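S.K.: The structure is given below, and queries will be raised subsequently.
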Ligand code: BTN
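Residue numbers (the UniProt record's numbering): 70 to 322.
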């Protein structure tokens, strides 16, 4: 990353060919003293991990599969704010370098024309209610072609190359993400979640849309109204009841 203009993010870089998961490698690097900002990149993953125990399809050479080490001294329950921050940084870098109209689906999927182009998975280790470290795992389907997707993913997933009709520079995109991320992360550590929340709302394709989600209390359907201070989604049901969704997945209707 020759032209990287960051102080910490990506300054320590570990690049691999095939790995099981960049997350696993990043956890091991932290255990051996890797500092904040350490980045693990791989050409392919054999067991890429997605949110909620899902697998992440990570074919060779065409995607950006990376994990970033973070050590914010914040309470464990602020983790959702960090995932939203990550999504804002990713959205801005995708718009700037790939020039596609990407938007954020709560909490942190990036969609282009309703299809997913990237996902974020945060894994943490905490102590005494404070985070010890967080591994931010980011997968961007940069230059995958339709043939790279298994049949069942084609209606729900797409890539930057498919959407813009030309490959993107993975190096430029990683660099741009690290710069956007560092800027927002420093802003967050200094000023808290409020400015990030506004930026998230501006990039969201979720707000003012009807949604459906499964909660421990059953299915909730309603209009996504706003994001609260903790990063939860406020939904207003048909009956006019206001509910908060703290985790999981939503369906845009
Ligand atoms: C999701 O949308 O479910 C999150 C997907 C996260 C995938 C990335 S790819 C790099 C990093 N390593 C993994 O095993 N997963 C994350």
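From the three backbone atoms N, C-alpha and C, an ideal C-beta is built for every residue, glycine too. Fair warning: this is a prediction, and the values are worked out from it, not measured in the lab.
Could you name the residues that DSSP lists as bridge partners for residue 174?
M.R.: Position 105 of the chain shown holds residue 174. 178, per the DSSP bridge assignment.
S.K.: Under DSSP, the beta strand (DSSP E) around residue 141 begins and ends at which residues?
M.R.: Here the question's residue 141 lines up with position 72 in the chain shown. Where residue 141 is concerned, there is no enclosing beta strand (DSSP E), given that its DSSP letter is neither H nor E.
S.K.: Just to confirm, does residue 164 get its C-beta within under 6 angstroms of one of the non-hydrogen atoms of the ligand BTN?
M.R.: Along the chain shown, one-based indexing puts residue 164 at 95. No.
S.K.: Kindly confirm or deny that the region 218–232 and the region 143–152 touch, where touching means at least three C-beta pairs closer than 8 angstroms.
M.R.: No contact exists between the region 218–232 and the region 143–152.
S.K.: Quick one: is the Cβ of residue 140 within less than 6 angstroms of any heavy atom of the ligand BTN?
M.R.: For the purposes of this step, residue 140 is taken as residue 71 along the chain shown, with counting starting at 1. No.
S.K.: With DSSP as the reference, please indicate the residues paired to residue 202 in a beta bridge.
M.R.: To locate residue 202, count along the chain shown from 1; it is residue 133. 194.
S.K.: Output the distance between the C-alpha atoms of residue 279 and residue 291, rounded to the nearest integer angstrom.
M.R.: Looking up residue 279 in the chain shown gives position 210. Looking up residue 291 in the chain shown gives position 222. Distance between the alpha carbons of residue 279 and residue 291: 5 angstroms.
S.K.: Determine whether the beta carbon atoms of residue 210 and residue 200 lie at a separation below 7 angstroms.
M.R.: In the chain shown, the residue the question calls residue 210 occupies position 141. In the chain shown, the residue the question calls residue 200 occupies position 131. Going by C-beta atoms, residue 210 is not nearer than 7 angstroms to residue 200.
S.K.: Is residue 134 near the ligand BTN, judged by its Cβ being under 6 angstroms from some heavy atom?
M.R.: Counting from 1 along the chain shown, the entry for residue 134 is found at position 65. Yes, the ligand BTN has a heavy atom inside 6 angstroms of this Cβ.
S.K.: Ordered along the chain, which non-local residues of its own chain (more than five positions away) have a Cβ less than 8 angstroms from that of residue 311?
M.R.: In the chain shown, the residue the question calls residue 311 occupies position 242. Result list for residue 311: 294, 303, 304, 305, in chain order.
S.K.: In terms of DSSP beta bridges, what is residue 83 paired with?
M.R.: In the chain shown, counting from the first residue as 1, residue 83 sits at position 14. DSSP output for residue 83 lists 109 as bridge partner(s).
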